[in-house]
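*Asks:*
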Amino acid sequence: MNSKKESDSGGKLKQGELPRIGVLAIQGDYAAHAEALAACGAEPVEVRNPEELEGLDGLILPGGESTTMLKFLGMRHFFDVLKTYCSTHPVFGTCAGAILLAREVRNPAQRSLGVLDAVVERNAYGRQIDSTILTAKTELDGGPLEMVFIRAPRIVAVGAGVEVLARREGSPALVRQGHTMAATFHPELSSDRRVHRAFVQIVASAVQP
Ligand code: GLN
């Protein structure tokens, strides 16, 4: 899991070349992620087919509805291709994307990619109307972090290799495990770009020689 592998750009970026980061664009708020990536010095690429993962230096799995995404991923071996991609490249899952990355999903149990050593409980804070914006301390530089939660999952357990970068009421809300990142909130909906910048840095260092 999470073995560091040379990226598809051949292990390094040429001078002036931006890391190319895919955003899974099946459903959900992928456009806001693409904007955030562009603001952080990456080239965003919308991904709708398994073939489009080729040549990408990293990938974001956005928020949305994980069950809908799973249905789509069930077609054309997309799930298996994505699982291989995510276990060998930097990947960042937000909200539904974090659910897809987890080792185990509860409430109810569902299939997941299993690349993040975490147990995630879906819709752990109630219905859509219970969505909320919180500000909490973070391990990222620059002070407290705004976190927009929408029908958010809760990370109920993480393995020893998972670093917690921010919490909601004691539960991990932003985590990193090697080149894998996950957030139970929607960083693309805040104007603060520190979370996307942190991921772009992970991608950039993975493609450095
Ligand atoms: N409730 C959604 C799910 O279980 C996640 C919500 C979100 O991504 N904002 O997939």
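Numbered according to my numbering, the sequence shown spans residues 20 to 228. Backbone N, C-alpha and C define an ideal beta-carbon position, used for all residues, glycine too.
According to DSSP, simplified to helix, strand and coil, what is Asp76?
*Replies:* Three-state DSSP puts Asp76 in coil, outside helix and strand.
*Asks:* Check this for me: beta carbons of Asp136 and Gly180, under 9 Å apart or not?
*Replies:* Yes, the pair counts as a contact, with Cβ atoms nearer than the cut-off.
*Asks:* Starting from Leu119, trace the alpha helix (DSSP H) both ways and give me its first and last residue.
*Replies:* Unbroken alpha helix (DSSP H) run through Leu119: 115-120.
*Asks:* Let me check understanding here. Comparing Cα to Cα, which of Leu56, Arg187, Glu36, Asn68 lies closest to Gln46?
*Replies:* Per the Cα distances, Asn68.
*Asks:* Only counting the same chain, and skipping five residues up and downstream in sequence, which positions put a Cβ closer than 7 Å to that of Arg130?
*Replies:* Same-chain partners within the cutoff: Leu89.
*Asks:* DSSP puts Val183 in a beta bridge; with which residues?
*Replies:* Val194.
*Asks:* What are the boundary residues of the beta strand (DSSP E) that Asp99 is part of?
*Replies:* Premise fails: Asp99 lies in the alpha helix (DSSP H), 97-107, not in any beta strand (DSSP E).
*Asks:* Buried or exposed: Pro163, going by 16 or more other Cβ atoms within 10 Å of its Cβ?
*Replies:* With fewer than 16 other Cβ atoms within 10 Å, it is exposed.
*Asks:* So if DSSP puts Pro81 in a beta bridge, which residue, or which two residues, is it bridged to?
*Replies:* Bridge partners of Pro81: none, in fact.
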